[in-house]
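Notes follow the structure.
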Amino acid sequence: METRLIKKDALAGIVKKMAVDVRVYAPVKEGDNVFFTFLAQGDEPLTRFANTKNAPKNLFFPHTEKMMRYTRTARGVEFTGVRSEAKEAVLFGARPCDARSFTLLDMLFDQEKCQDLFYIEKRAKTTVIALNCVHPPYATCFCTSVGGNPFSTEGVDVAITEMNGEYLIEFLTPKGEELLKYFGEAKADEKTAAAKQAAAQKAAGEITSTIPATAIKPILDVNFEHPFWNTIHERCLACGTCTFLCPTCHCFDISDEMRGADGVRLRNWDSCMFPMFTKETSGHNPRPSQKERWRQRVMHKFKYYVDNFGAIACVGCGRCVMSCSVNIDIRKIVEDIAKL
Amino acid sequence: MQNPYIPIPVEIIKIVTEVETKDIKTFRFAFLNKEDEERFVYLPGQFGELSIFGKGESPIGIASSPTQKGYIEFTVQKAGVVTSALHDMEVGTRMGVRGPLGNSWPIEYLAGKNIVVVGGGFAFTTLRSLINYMLDEQNRPRFGDITVVYGARSPGLLIYKDELAEWQKRSDINLNVTVDKGDAFWKGMEGFVPAICKQVAPSCESAVTVICGPPVMIRFTLPVFFELGFSKENIITSLEMRMKCGIGKCGRCNVGSKYVCKDGPVFSLADLDKLTREY
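Here the protein sequences come in this chain order: X and E. Residues 1 to 340 (my numbering) are what the first sequence spells out, left to right. Residues 1001 to 1279 (my numbering) are what the second sequence spells out, left to right.
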């Protein structure tokens, strides 16, 4: 594996230089929050931040995406082309939990049968540079409970670790190695590698929030009808914030928009929290209240995804916990289920 | 690689208004490109997303049989935005179809057995596909006795009337068409589907029931088949859910861990017992 050491204050400049050659999606401060945004010429990314408000999934699975174009003809409305937005890109500054979310999304969008080319093409053309969490940023971080850790390399092409005033850069994949040229010549020695191991262990120890995320699977298997499901949804406003900020939530809607003779078919994020999500034309709704919708959300993450892909659809980033306006805490729900 | 979201271009070549209320029509589509037609390999029970640019998509069971070459058919009730737009269309209009999607009636499992087909109202479409598939000259020897019980509320609401008349003439299918209430011209059976099933009383010996209809019909018909000795493995039905992508990604049509679009829509009662009752 190729490694490099760079001075701490050099990193932002390196990313800035990268942004001249390729589109770079990186954390930028906007008001009180940090968001992933495409860097404009001359923009500098943040290198020191807790985590972004939004998950980086937007890069591969945009909030709104034009899928195809069409136009009205004398014979009907006919297809005129696919709108492909896949361009080379670098994602800089993903936390390991967020990078890990890509491997979970890959399981769904990149199945052997039914490949989702809109996602796959963007994903294939993107190099992921992760910033390891030397000190996990939030009390709500719980990545170690759901299969991750603050130095996880899943979904990462280049890993950056802050150590003693320097950054250790590790090029984990061939795709990552293509960025070598930006990082100078100074290689890391074995001492640094050992120090990194120690830092990784220390960081994992700093995650204080732990939940029995894997232990509840057998409980969920047999408790679809349990009265417990009556206890979590009542204060939910069905705003969908939890699902929109979630790095692994991937439900979407497909809709059509026409202006004059031309139109586009769009894919937009949707949410299992919304009443219309499963409502049928007849008026029948298999998930008629917020209770069923919450059950779906919990089941999907901690049971259905495990059944189908062998992994929990949660990376422990804590965004849903921090941003819920009525303080519904998925960690508490998991803990309560473990006691059923 | 094929992009599964891009509809296959088709042209409406025939429209049949099936019922006197005029809100159920059968649309026959021809593929604009020969390669698409060759690639559209399907079995009875599968569905397609009817795709009207500017309006949206609607998942509808394929009503034709793969043994009928050169076209595909969908029988559609006018209900929402897409199906209403479709009902306004004329022969010659171009639109799109995505598919074939989902699993199918379990043809290999049905082969060699006696088949009891039970349908109610407008939910007879993929059953019609199955019947035509089994009645095909080459396929007919692969199946045992074929018994059909099909009911609608009134004679005017029966779909595929011409075909029913043709099947009635054949000796290799036992067709029982019933209406809840007949009219002055009705000479056939009267009575609800469950009662007729009881009357016809097909043997459960080496037999499978394939059943599709409104929930109330299914609710009262299932006990009849249990009484006749049919096991849950040998009662097979098809589910409907709101769908968008049709390929197990958009996340709304799941029943437990199974996606109706991808793992279904066809399930046996034994399969359904293993799932949650969220449909």
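A virtual CB, placed ideally from N, CA and C, is assigned to each residue, including glycine. Source: prediction; values computed, not measured.
Point to revise | Within-7 Å CB hit, residue 1278 of chain E to chain X | key: Closer than 7 Å to some Cβ of chain X, the Cβ of residue 1278 of chain E qualifies, so yes.
Practice item. Alpha carbon to alpha carbon, how far is residue 188 of chain X from residue 27 of chain X? Give it in angstroms, no decimals. Key: Roughly 26 Å separates the two Cα atoms.
Review point. Among E/1274, E/1123 and E/1069, which one has its Cα closest to the Cα of residue 1018 of chain E?
Key: Checked all of E/1274, E/1123 and E/1069; the closest Cα to residue 1018 of chain E is E/1123.
**Study point:** Test: residue 1247 of chain E CB closer than 7 Å to a CB of chain X
**Key:** At least one chain X Cβ lies under 7 Å of residue 1247 of chain E.
Review point. Can you find a C-beta in chain E that's less than 7 Å from the C-beta of residue 44 of chain X?
Key: With its beta carbon at least 7 Å from every one in chain E, residue 44 of chain X lies outside the interface.
Point to revise | Residues sharing a beta bridge with residue 70 of chain X, DSSP | key: Answer by DSSP bridge pairing, in chain order: X/79 and X/263.
Practice item. Measure the C-alpha to C-alpha separation of residue 1056 of chain E and residue 255 of chain X and round it to an integer number of angstroms. Key: In this structure, the alpha-carbon of residue 1056 of chain E lies about 6 Å from that of residue 255 of chain X.
Practice item. Establish whether the CB of residue 1257 of chain E and some CB of chain X are separated by less than 7 Å. Key: Yes - at least one Cβ of chain X is within 7 Å of the one on residue 1257 of chain E.
Review point. With C-beta atoms as the reference, is residue 1096 of chain E less than 7 Å away from residue 1004 of chain E?
Key: Residue 1004 of chain E is positioned such that its CB atom lies no closer than 7 Å to that of residue 1096 of chain E.
Practice item. Note down, in chain order, every chain E residue with its Cβ under 8 Å from the Cβ of residue 157 of chain X. Key: Ordered by position in chain E, no residue passes the 8 Å Cβ test against residue 157 of chain X, which lies about 23 Å from the chain.
Check your understanding: Do we get a CB-CB distance below 7 Å when we pair residue 274 of chain X with the residues of chain B?
Key -> Protein chains in the displayed structure are X and E, and chain B is not among them.
Check your understanding: Which ranges would you report for the beta strand (DSSP E) in the segment 1090-1132 of chain E if only whole runs of at least 3 residues count?
Key -> Every beta strand (DSSP E) of 3 residues or more that sits fully in the segment 1090-1132 of chain E is shown, in chain order, as 1094-1101 and 1114-1120.
Practice item. In angstroms with no decimal places, state the Cα-to-Cα distance between residue 207 of chain X and residue 92 of chain X. Key: Roughly 23 Å separates the two Cα atoms.
Exercise for review: Quick one: residues in its chain with C-beta nearer than 6 Å to the C-beta of residue 162 of chain X, no 5 flanking neighbours on either side, listed in chain order?
Suggested key: So the list reads 134, once near-sequence residues are dropped.
Point to revise | Beta-carbon contacts of residue 241 of chain X that lie in its chain and below 8 Å, excluding the five residues immediately before and after | key: Contacts found: 320, 323, 324 and 325.
Check your understanding: Is residue 256 of chain X helix, strand or coil when you go by DSSP?
Key -> In this structure, residue 256 of chain X counts as strand in the three-state DSSP scheme.
Check your understanding: From residue 106 of chain X to residue 128 of chain X, what distance separates their C-alpha atoms?
Key -> Counting only the Cα atoms, residue 128 of chain X lies some 14 Å from residue 106 of chain X.
Practice item. Under 9 Å between beta-carbons, which chain E residues line up against residue 82 of chain X? List them in chain order, please. Key: Within 9 Å Cβ-Cβ: 1003, 1005 and 1006.
Exercise for review: Leaving out five residues on either side along the sequence, give the residues of the same chain with a beta carbon under 7 Å from the beta carbon of residue 274 of chain X.
Suggested key: Here the set comprises 238 and 240.
Point to revise | Selection of the segment 1052-1063 of chain E by Cβ proximity to chain X, strictly under 9 Å | key: Those residues of the segment 1052-1063 of chain E that come within reach of chain X (Cβ to Cβ, closer than 9 Å) are 1052, 1053, 1054, 1055, 1056, 1057 and 1058.
**Study point:** Same chain, Cβ closer than 8 Å to residue 226 of chain X, neighbours up to 5 away in sequence not counted
**Key:** Same-chain partners within the cutoff: 340.
Practice item. Could you pull out every unbroken beta strand (DSSP E) segment of at least 3 residues lying fully inside the segment 1188-1215 of chain E, listed in chain order? Key: DSSP runs (the beta strand (DSSP E)) wholly in the segment 1188-1215 of chain E: 1207-1212.
Review point. Are the segment 66-83 of chain X and the segment 1042-1053 of chain E touching, with three or more C-beta to C-beta distances below 8 Å?
Key: Under the 8 Å Cβ criterion, the segment 66-83 of chain X counts as touching the segment 1042-1053 of chain E, having at least three qualifying pairs.
Exercise for review: Count the other C-beta atoms from every protein chain shown that fall within 10 angstroms of the C-beta of residue 304 of chain X, then say buried if there are 16 or more, exposed otherwise.
Suggested key: The residue is buried, with at least 16 neighbouring Cβ atoms inside 10 Å.
Check your understanding: Does the segment 1057-1073 of chain E come close enough to the segment 1037-1047 of chain E to have 3 or more Cβ pairs within less than 8 Å?
Key -> With a cut-off of 8 Å, the segment 1037-1047 of chain E and the segment 1057-1073 of chain E count as touching, because enough Cβ pairs lie within range.
Check your understanding: Does DSSP classify residue 144 of chain X as helix, strand or coil?
Key -> Under the three-state reduction of DSSP output, residue 144 of chain X falls in the helix class.
Exercise for review: Check the Cβ of residue 1250 of chain E against every Cβ in chain X and list those closer than 8 Å, keeping chain order.
Suggested key: Correct list: 251, 252, 253, 254 and 270.
Practice item. Starting from the beta carbon of residue 1093 of chain E, find every residue of chain X whose beta carbon is closer than 7 Å, and list them in chain order. Key: Among the residues of chain X, those whose CB is under 7 Å from the CB of residue 1093 of chain E are 75 and 76, following chain order.
Check your understanding: For residue 1111 of chain E and chain X, any beta-carbon pair shorter than 7 Å?
Key -> Between residue 1111 of chain E and chain X, the shortest Cβ-Cβ separation is not below 7 Å.
**Study point:** Cα-Cα separation, residue 1238 of chain E to residue 1079 of chain E
**Key:** Rounded to whole angstroms, residue 1238 of chain E to residue 1079 of chain E spans 20 Å at the Cα level.
Exercise for review: Using beta-carbon positions only, say whether residue 1276 of chain E and residue 1235 of chain E come within less than 7 Å of one another.
Suggested key: The beta carbons of residue 1276 of chain E and residue 1235 of chain E sit no closer together than 7 Å.
Practice item. Can you give me the Cβ contacts of residue 182 of chain X inside the same chain, cut-off strictly under 7 Å, excluding the 5 residues immediately before and after it? Key: Its chain contains 14, 17 and 18 as the residues whose beta carbon lies nearer than 7 Å to that of residue 182 of chain X, once the 5 sequence neighbours on both sides are disregarded; these appear in chain order.
Check your understanding: How would you label residue 68 of chain X, buried or exposed, when you count the other beta carbons within 10 angstroms and need 16 or more for buried?
Key -> By the neighbour-count definition (other C-beta atoms within 10 Å, threshold 16), residue 68 of chain X is a buried residue.
**Study point:** Coil, strand or helix - residue 1143 of chain E by DSSP
**Key:** Here residue 1143 of chain E sits in coil by DSSP.
Point to revise | Span of the alpha helix (DSSP H) around residue 176 of chain X | key: Taken as a continuous stretch (DSSP letters only), the alpha helix (DSSP H) holding residue 176 of chain X covers 174-177.
Review point. Where does residue 1246 of chain E fall in DSSP's three states?
Key: In the structure shown, residue 1246 of chain E sits in coil (DSSP, three-state: anything other than H, G, I, E or B).
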